[in-house]
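Student: Shown below is the structure under consideration.
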């Protein structure tokens, strides 16, 4: 039997991740997505912040989240497989890790700078 408190929190975070990824693919900036998700769940941004960090999700709130997300009753209580990385993402992360570990402080700063520049240059819909 899964730890229901942990399962609910992990599932709520996974729902936010799906929500945010969908919105960013549609071209929305990441800023404000936390508040938008809280509105979608019909909770305050403060409540969402508490849920993410430590507040247990009670039965009433769990059912409210499920209803807001169009999920069946009890979905939040069960463990669900989270999608893994794509092969391309895994290759990128492995390459980035090798570069990071093989670099000194100057090389690591350069890597971070290159990634920041790439993010700034990327169109919003690529996120």
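Residue numbers (our numbering): 9 to 135.
Think of the CB as a built atom: it goes at the ideal place given N, C-alpha and C, for glycine as much as any other residue.
Please identify the residue among 114, 12, 119 whose C-alpha is closest to the C-alpha of residue 136.
Tutor: The first residue shown for the chain is 9 and the last is 135, placing residue 136 beyond what the model contains.
Student: What distance in whole Å lies between the Cβ atoms of residue 49 and residue 26, which are believed to be in contact at a cut-off of 8 Å?
Tutor: About 13 Å; that fails the 8 Å criterion.
Student: Taking C-alpha atoms, which residue in 106, 43, 82 lies nearest to residue 28?
Tutor: 43
Student: Is the separation between the beta-carbon of residue 84 and that of residue 70 shorter than 8 Å?
Tutor: Yes, Cβ-Cβ distance for residue 84 and residue 70 is below 8 Å.
Student: Quick check on DSSP: helix, strand or coil for residue 89?
Tutor: coil
Student: Work out the CA separation of residue 31 and residue 74 for me, nearest whole Å.
Tutor: Distance between the alpha carbons of residue 74 and residue 31 is about 19 Å.
Student: Should residue 56 be labelled buried (16 or more other beta-carbon atoms within 10 Å of its own) or exposed?
Tutor: buried
Student: Distance, Cα to Cα, residue 134 vs residue 60?
Tutor: Residue placement at residue 134 is flagged as unreliable, the pLDDT there being 47, under the threshold of 50; the coordinate-derived value follows with that caveat. For residue 134 and residue 60, the distance between alpha carbons rounds to 26 Å.
Student: Determine the closest residue to residue 23 out of 67, 87, 68, with distance taken between C-alpha atoms.
Tutor: 87
Student: Which residues in the same chain have their Cβ closer than 7 Å to the Cβ of residue 52, if we skip the five residues on either side of it in sequence?
Tutor: Within the same chain, residue 52 has close Cβ partners 46.
Student: Only counting runs of 4 or more residues, tell me where the alpha helix (DSSP H) segments fall wholly within the region 21 to 86, in order along the chain.
Tutor: With a minimum length of 4 residues, the continuous alpha helix (DSSP H) runs that stay inside the region 21 to 86 are 41 to 49, 53 to 61, 67 to 76.
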